[in-house]
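A.B. asks: Numbered by this note's numbering, the letters in the sequence shown go through residues 7 to 700 in order. From the three backbone atoms N, C-alpha and C, an ideal C-beta is built for every residue, glycine too.
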Amino acid sequence: MSRPEPAAPPGAGPARDAAVGGALAQAVAAAFDDQGPLTQAAEGFRLRDGQTRLALALARVIEQGGVLVAEAATGVGKTFAYLVPALLSGERVLLSTATKTLQDQLFGRDLPRLARALGLPLSMALLKGRGSYLCLHRLEMANQTGVSSAPGVRQQLSKIERWAKTTRSGDLAELPGLDERSPVIPLVTSTRENCLGADCPQFRACHVQLARRQAMAADVVVINHHLFFADLAIRESGMAELLPSVRVVVFDEAHQLNETGIQFLGQQLASGQLLDFARDLLAAGLRQARGLCDWQALAGSVEAATRQLRLAVGVQRGASRLRWLEAVPEGVDGADWLPALQRLRQALADAAAALATVSELAPDFTRLHQRASLLAGRAERFGAPVEPGLVRWVDVGISLLRLIESPLDIADTVRTRLLAEPDADGRARAWAFVSATLGDDERLSWFTEPCGLRDAEVLRVGSPFDYARQAALYVPAHIARPADAAHSADVARLAGDAAARLGGRTMVLTTTLRALRHIGEALGERFGPGTGIEVLVQGSLPKRVLMERFRAGDADGRPGCVLVASASFWEGVDMPGEALQLVVIDKLPFPPPGDPLVEARCRRLEAQGRSAFAGYSVPEAAVALKQGAGRLIRRESDRGVLVICDTRLAQMGYGRRLLAALPPMRRLVTAAEFDAALDQLLTDSASKTEAAST
Numbered sequence: 007m008s009r010p011e012p013a014a015p016p017g018a019g020p021a022r023d024a025a026v027g028g029a030l031a032q033a034v035a036a037a038f039d040d041q042g043p044l045t046q047a048a049e050g051f052r053l054r055d056g057q058t059r060l061a062l063a064l065a066r067v068i069e070q071g072g073v074l075v076a077e078a079a080t081g082v083g084k085t086f087a088y089l090v091p092a093l094l095s096g097e098r099v100l101l102s103t104a105t106k107t108l109q110d111q112l113f114g115r116d117l118p119r120l121a122r123a124l125g126l127p128l129s130m131a132l133l134k135g136r137g138s139y140l141c142l143h144r145l146e147m148a149n150q151t152g153v154s155s156a157p158g159v160r161q162q163l164s165k166i167e168r169w170a171k172t173t174r175s176g177d178l179a180e181l182p183g184l185d186e187r188s189p190v191i192p193l194v195t196s197t198r199e200n201c202l203g204a205d206c207p208q209f210r211a212c213h214v215q216l217a218r219r220q221a222m223a224a225d226v227v228v229i230n231h232h233l234f235f236a237d238l239a240i241r242e243s244g245m246a247e248l249l250p251s252v253r254v255v256v257f258d259e260a261h262q263l264n265e266t267g268i269q270f271l272g273q274q275l276a277s278g279q280l281l282d283f284a285r286d287l288l289a290a291g292l293r294q295a296r297g298l299c300d301w302q303a304l305a306g307s308v309e310a311a312t313r314q315l316r317l318a319v320g321v322q323r324g325a326s327r328l329r330w331l332e333a334v335p336e337g338v339d340g341a342d343w344l345p346a347l348q349r350l351r352q353a354l355a356d357a358a359a360a361l362a363t364v365s366e367l368a369p370d371f372t373r374l375h376q377r378a379s380l381l382a383g384r385a386e387r388f389g390a391p392v393e394p395g396l397v398r399w400v401d402v403g404i405s406l407l408r409l410i411e412s413p414l415d416i417a418d419t420v421r422t423r424l425l426a427e428p429d430a431d432g433r434a435r436a437w438a439f440v441s442a443t444l445g446d447d448e449r450l451s452w453f454t455e456p457c458g459l460r461d462a463e464v465l466r467v468g469s470p471f472d473y474a475r476q477a478a479l480y481v482p483a484h485i486a487r488p489a490d491a492a493h494s495a496d497v498a499r500l501a502g503d504a505a506a507r508l509g510g511r512t513m514v515l516t517t518t519l520r521a522l523r524h525i526g527e528a529l530g531e532r533f534g535p536g537t538g539i540e541v542l543v544q545g546s547l548p549k550r551v552l553m554e555r556f557r558a559g560d561a562d563g564r565p566g567c568v569l570v571a572s573a574s575f576w577e578g579v580d581m582p583g584e585a586l587q588l589v590v591i592d593k594l595p596f597p598p599p600g601d602p603l604v605e606a607r608c609r610r611l612e613a614q615g616r617s618a619f620a621g622y623s624v625p626e627a628a629v630a631l632k633q634g635a636g637r638l639i640r641r642e643s644d645r646g647v648l649v650i651c652d653t654r655l656a657q658m659g660y661g662r663r664l665l666a667a668l669p670p671m672r673r674l675v676t677a678a679e680f681d682a683a684l685d686q687l688l689t690d691s692a693s694k695t696e697a698a699s700t
C-alpha cells in the first residue's frame, strides 16, 4: 500500500508555520481556524491539517516567489487550500483548470462563496478559448451560405440565433441542450486562424473581446490549461498576448499540463482545418468577389488534395496512429504520399496567390490569405525531415487525417518561457502546481521531470479518508490474463454478477476502446429492459448526460446503473454517495507500446542509459491507476470496493510498486471475501435508508 506521509519535524505544524511566516501566512492560518470565516463558505466545513499545511505552503511561496508542486490526495480540500492564500494575497491571480466544467465550478460557485466569506471585494473574470464563445460574424456567414440548409443544422442555428439576442457573455455553455459534439459549433465559433480581429464588422460586440477586456481588468482570472498554452504559442509567434500579466499563477489538475502543452507547442495539419478553409474560401469568394477568381476551382483543389492525402494512407482499422520516422509515415507508399502532400501544398499556394489579388476588398480575404499561407507552410514543413528533439506521426480516422509534430515534453518551455520571466514590475512570480495525482515517488518525478520543475518545492499531503475502513481492493485470481481473448468476457461477467448483486452502482473503466465495446455489449445483452439495471456506455450519450443519469442512481423507482467508460472517465468524475460503490478496472493502464509519442519517450530514456519500462511505463501506469481508483471514495461517508482484473498486479515484481501507489485499502483475497464485501455494502445501505426514514 502507499507509504505513510512523513512525520512533521518537532515543533512543526500550522501554528508554528504561521508564527514564523509573514503577514499572509498569519492571515491564512486565521482563515483556517475552526472558528474562522471558512465555516461560512462551505457547508459542513471542518478543520483538516493537510489542507492548512497546503495553504500555508502556498502562502509562503506567494510572499517569497518560487515554485510549489503539491499533490493533495482526495478529501484534502485542495481548492480552498489554494484559493484562500491566493485571494488574501492582494495580488492579481491567474487560476488555470483542466476543463471548462471545472472553470465554471470555480467561477460560478467556489470563488464567489469564498470571497464573500473572507469579506474581499474582488473582481473576477472567466476566460475560455475562442471555441467556447459565439462568433457573431461566423453566425451571420453560416446563415448566408448553403451550409445552414444541412439536415439538423437549420434548427440548431435558429436556436442559437434566438439565444444570441439575449446572452451577455456569448458562452455556449449557457445554451441549454447544445451537445458539445454538435457539428454546428464550428460554424458559429472562430479559431485563431479564421478570426478577423479588429477588422471584423462585429468587433465591438465580439464576445471573445469582451471576455478579454473583463479579464484584463479583473483581480482574479479563471482560465483553462488549453487556453494558457494557446496564448503561450501566440506570444512565441510574435502576436499580442491574450492573458493579463499576473504574479501569482495556480494550476489545478496540474497532472494534465504536459500532455496539454505539447499539443500547442508542436505543429498540426488536419483534414478538418483544410476542409474548413476550403469552405470559408468558397463562401467569401462567392459572396464578396464573385467573378474575380475561380473560387469553385480553388476550393475544389484544396478539397481534392486533402482527400487524396487521406487516400494515400490507405485503409486503417478504426482510429490509429502511424509512426513517421522517415520521409513517409510507416506503412504508407511514398509514391502516393509524397505527390499528394506536394499537391496539397500547391493547392494552398494557388489559393494564397488568388487571395492576394483581392485582399484589399474585405477583411475576410486578408485573413484567408494568412490562413492559406500558414497551411501551405505547414504542408511544406511536413515534407521536410523532422527536427531533432521532436516526434512526428499521423492520426488516421475513417475519413479524417492529422499530421502532427510535437516536442516530447514541455520542460524546456517551462524553464525558459515561464519560470525565467518575472512579472511586469520585475518581482519573482509565484507558481503553484496542484493535483490529487502527480506521481508515485517522493519527488513526484512523473510530473516534475517532463514539466521542467525538478528544482521546485514538493509537498505531498495524504488523504484524510480511512481507506482501510471505507474501501477494499480485490484482484481476482481466476480471471483470464489480459492478453487472453477471454479477458473482456471475464471482466464483463464479474462486473455483471456484482452489479446484479448491488442493483447497479458499478463503474467499469477500460484501458482500450476495443475493451469498452466488448464489455459494453456483453453487459448490454445481459441487462436488457425489465432487468432492473441500465447499462450506460461512453459514446452513446454526451459525458454530462451519462454522469447525470449515473448520479441519479436508482432513485424514484428507476433502474440502477452500470457505466462502462474509458479515457476521460478515469479522472475528473465525482460520484459521491451510494450511486457508485464498485469500480472495476479491466487491466493495468500501461501506455500503449505502439504509440509514436510513447516510443519516442522510451527511446530517449534508453539513450540516457535508463530503463524505459521502469522509468516511463510503470510510473505512467501507477498514476493512471491512482486516478481510476480515485473515482471510488469521494467523501468520508462513502464505502466501496475496487476490483482490478489483472493478475499481473499480484504476480509480477512491478506489481508491488503499483499497489503502493493505491490508497491503503484492505485486501480481499478470495471470491467469497469479495461477495461478503458486496453483501456488507448492501447491509450498510439498508441501515442508512432505515435510519433516514426514522
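Given a cut-off of 8 Å on the beta-carbon distance, is the pair ARG507 and ALA585 in contact?
C.D. replies: As a working note, residue 507 is residue 501 in the sequence shown. As a working note, residue 585 is residue 579 in the sequence shown. Their beta carbons are not under 8 Å apart, which means ARG507 does not touch ALA585 by this criterion.
A.B. asks: Output needed for LEU354: all residues of its chain with C-beta closer than 7 Å, excluding positions within five of it in sequence on either side, in chain order.
C.D. replies: Counting from one through the sequence shown, the residue named residue 354 turns up at place 348. Closer than 7 Å at the Cβ level, and outside the excluded window around LEU354, lie VAL308, ALA378, LEU381, ALA382 and ALA385.
A.B. asks: To which residues of the same chain is LEU704 closer than 8 Å at the C-beta, ignoring the five residues directly before and after it?
C.D. replies: What the structure shows of the chain is the stretch from 7 to 700, and residue 704 is not part of that stretch, so it cannot be assessed.
A.B. asks: With a threshold of 6 Å on Cβ separation, who are the neighbours of LEU425 within its own chain once the five nearest residues in sequence on each side are excluded?
C.D. replies: Taking the sequence shown and counting its residues from 1, one reaches residue 425 at position 419. Nothing listed; no residue qualifies.
A.B. asks: Could you tell me the boundaries of the beta strand (DSSP E) in which TRP452 lies?
C.D. replies: As a first step, residue 452 is located in the sequence shown; it is residue number 446 there, counting from the start. No beta strand (DSSP E) holds TRP452; the alpha helix (DSSP H) holding it covers 451 to 454.
A.B. asks: For LYS134, count neighbouring Cβ atoms within 10 angstroms of its own Cβ and tell me buried if that reaches 16, exposed if not.
C.D. replies: The count along the sequence shown starts at 1 and reaches residue 134 at position 128. When all chains shown are included, LYS134 counts as buried.
A.B. asks: What ranges does the alpha helix (DSSP H) occupy inside the segment 589 to 651, keeping only unbroken runs of at least 4 residues that lie completely in it?
C.D. replies: Entirely contained in the segment 589 to 651, the alpha helix (DSSP H) runs reaching 4 residues are, in chain order, 602 to 613 and 624 to 635.
A.B. asks: In its own chain, which residues sit with a C-beta less than 6 Å from the C-beta of VAL543, not counting the 5 before and 5 after it?
C.D. replies: Position 537 of the sequence shown, counted from the start, is the residue given in the question as residue 543. Here the set comprises GLY526 and VAL570.
A.B. asks: Near VAL397, what residues of its chain come up, given a Cβ to Cβ distance below 7 Å and the 5 sequence neighbours on each side ignored?
C.D. replies: Numbered from its first residue, the sequence shown carries residue 397 at position 391. Counting only Cβ-Cβ distances below 7 Å, and skipping sequence neighbours, we find SER412, LEU414, PRO602, LEU603 and ALA606.
A.B. asks: Just verifying my parser: in three-state terms, what is the DSSP assignment at VAL252?
C.D. replies: Here residue 252 corresponds to residue number 246 of the sequence shown, with the count starting at 1. In the structure shown, VAL252 sits in coil (DSSP, three-state: anything other than H, G, I, E or B).
A.B. asks: Excluding the 5 residues flanking GLN258 on each side, which residues of the same chain have their C-beta closer than 6 Å to its C-beta?
C.D. replies: As a first step, residue 258 must be located in the sequence shown, where it is residue number 252. In the sequence on display, residue 258 carries Asp and not Gln. THR103 and VAL440, listed in sequence order.
A.B. asks: Considering just the uninterrupted stretch of the beta strand (DSSP E) at ARG401, what are its terminal residues?
C.D. replies: Sequence index remark: in the sequence shown, residue 401 carries index 395 (1-based). Note on identity: in this sequence residue 401 is Asp, with Arg being the wrong assignment. Counting along the chain, the beta strand (DSSP E) containing ASP401 begins and ends at 396 to 402.
A.B. asks: Of the choices LEU74, PHE234, ARG198 and VAL481, whose alpha-carbon is the least far from that of LEU132?
C.D. replies: Along the sequence shown, read from residue 1 onward, the residue named residue 132 stands at position 126. The shortest C-alpha separation from LEU132 is found at PHE234.
A.B. asks: Between SER196, ASP116, ASP205 and ALA170, which lies nearest to VAL226 when the distance is taken from Cα to Cα?
C.D. replies: Position 220 of the sequence shown, counted from the start, is the residue given in the question as residue 226. Here the closest residue by C-alpha is ASP116.
A.B. asks: How would you label ALA478, buried or exposed, when you count the other beta carbons within 10 angstroms and need 16 or more for buried?
C.D. replies: Taking the sequence shown and counting its residues from 1, the one referred to as residue 478 is at position 472. Its Cβ being crowded by 16 or more others within 10 Å, ALA478 is buried.
A.B. asks: What residue range is occupied by the uninterrupted beta strand (DSSP E) comprising ASN230?
C.D. replies: Taking the first residue of the sequence shown as 1, we reach residue 230 at position 224. Here the beta strand (DSSP E) through ASN230 covers 226 to 230.
A.B. asks: Could you tell me which of HIS261, ASP690 and LEU216 sits nearest to GLU77, measuring between CA atoms?
C.D. replies: Taking the first residue of the sequence shown as position 1, residue 77 is located at position 71. The shortest C-alpha separation from GLU77 is found at HIS261.
A.B. asks: At a cut-off of 7 Å, is GLN111 close to the ligand ZN when judged by its beta-carbon and the heavy atoms of the ligand?
C.D. replies: The ligand ZN is absent from the structure shown, which contains no ligands of any kind.
A.B. asks: Measure the CB-CB distance between ASP560 and GLY509 and report whether it falls below 8 Å.
C.D. replies: Looking up residue 560 in the sequence shown gives position 554. Looking up residue 509 in the sequence shown gives position 503. Contact flag set, yes.
A.B. asks: Please check the pair ALA123 and LEU64, which I expect to be a contact at CB under 8 Å, by giving their CB distance rounded to whole angstroms.
C.D. replies: Residue mapping note: residue 123 aligns to position 117 of the sequence shown, counting from 1. Residue mapping note: residue 64 aligns to position 58 of the sequence shown, counting from 1. At roughly 18 Å, the Cβ-Cβ gap does not stay under 8 Å, so ALA123 and LEU64 are not in contact.
A.B. asks: Expressed to the nearest angstrom, what Euclidean distance is found between the alpha-carbon atoms of ALA357 and SER196?
C.D. replies: What you label residue 357 is simply residue 351 of the sequence shown in a count that begins at 1. What you label residue 196 is simply residue 190 of the sequence shown in a count that begins at 1. Going from the Cα of ALA357 to the Cα of SER196 covers about 21 Å.
A.B. asks: Would you mind sorting PRO394 into buried or exposed? The rule is 16 or more other CB atoms within 10 Å of its CB.
C.D. replies: Along the sequence shown, read from residue 1 onward, the residue named residue 394 stands at position 388. Its Cβ having fewer than 16 others within 10 Å, PRO394 is exposed.
A.B. asks: How long is the line joining the alpha carbons of GLU612 and SER251, rounded to whole angstroms?
C.D. replies: For the purposes of this step, residue 612 is taken as the residue at position 606 of the sequence shown. For the purposes of this step, residue 251 is taken as the residue at position 245 of the sequence shown. About 40 Å.
A.B. asks: Please report the distance separating the alpha-carbon of LEU93 from that of PRO127.
C.D. replies: Looking up residue 93 in the sequence shown gives position 87. Looking up residue 127 in the sequence shown gives position 121. Going from the Cα of LEU93 to the Cα of PRO127 covers about 10 Å.
A.B. asks: With GLY566 as the anchor, note down where its beta strand (DSSP E) starts and where it stops.
C.D. replies: On the sequence shown, residue 566 is found 560 positions in, with the first residue counted as 1. From DSSP, the beta strand (DSSP E) with GLY566 extends over 566 to 571.
A.B. asks: Would you call the segment 466 to 477 in contact with the segment 100 to 114, where contact means no fewer than 3 C-beta pairs closer than 8 Å?
C.D. replies: As far as the Cβ criterion goes, the segment 466 to 477 does not touch the segment 100 to 114, which means the pair count is below three.
A.B. asks: Here's a check: name, in chain order, each residue in its chain whose Cβ is nearer than 8 Å to the Cβ of ARG52, leaving out the five neighbours to either side.
C.D. replies: By 1-based counting over the sequence shown, the position of residue 52 is 46. Closer than 8 Å at Cβ, skipping near neighbours: ASP40.
A.B. asks: What's the C-alpha gap between ASP339 and GLN215?
C.D. replies: Counting from one through the sequence shown, the residue named residue 339 turns up at place 333. Counting from one through the sequence shown, the residue named residue 215 turns up at place 209. Answer to the nearest angstrom: the Cα atoms are 46 Å apart.
A.B. asks: I need the straight-line Cα distance from THR173 to GLY545, nearest angstrom please.
C.D. replies: Numbered from its first residue, the sequence shown carries residue 173 at position 167. Numbered from its first residue, the sequence shown carries residue 545 at position 539. About 30 Å.
A.B. asks: Pull up the distance between the alpha-carbon of LEU120 and that of GLN46, whole angstroms please.
C.D. replies: Within the sequence shown, the letter at position 114 stands for residue 120. Within the sequence shown, the letter at position 40 stands for residue 46. Approximately 8 Å between the Cα atoms of the pair.
A.B. asks: Do three or more CB pairs link the segment 464 to 474 to the segment 78 to 87 at distances below 8 Å?
C.D. replies: Yes, since at least three Cβ pairs between the segment 464 to 474 and the segment 78 to 87 fall closer than 8 Å, the two stretches touch.
A.B. asks: In the DSSP assignment, find the beta strand (DSSP E) that holds TRP437 and state where it starts and stops.
C.D. replies: Counting from one through the sequence shown, the residue named residue 437 turns up at place 431. That run of the beta strand (DSSP E) goes 436 to 441.
A.B. asks: Could you give the C-beta distance for VAL194 and ILE166, rounded to a whole number, given that I count them as a contact under 8 Å?
C.D. replies: Within the sequence shown, numbered from 1, the residue matching residue 194 stands at position 188. Within the sequence shown, numbered from 1, the residue matching residue 166 stands at position 160. So it is a contact: roughly 6 Å between Cβ atoms.
A.B. asks: Extract the residue ranges of the alpha helix (DSSP H) inside the segment 69 to 119, only unbroken runs of 4 or more that lie entirely within it.
C.D. replies: Entirely contained in the segment 69 to 119, the alpha helix (DSSP H) runs reaching 4 residues are, in chain order, 84 to 94 and 106 to 111.
A.B. asks: Rounded to the nearest angstrom, what separates ALA246 and GLU199 at their Cα positions?
C.D. replies: The residue you call residue 246 lines up with position 240 of the sequence shown. The residue you call residue 199 lines up with position 193 of the sequence shown. Note that ALA246 has pLDDT 44, beneath the 50 cutoff, so the model's placement of it is unreliable and the number below is only indicative. In a straight line, the C-alpha of ALA246 is about 15 Å away from that of GLU199.
A.B. asks: Is the segment 574 to 584 in contact with the segment 511 to 524, if contact means three or more CB pairs nearer than 8 Å?
C.D. replies: Enough Cβ pairs lie closer than 8 Å, so yes.
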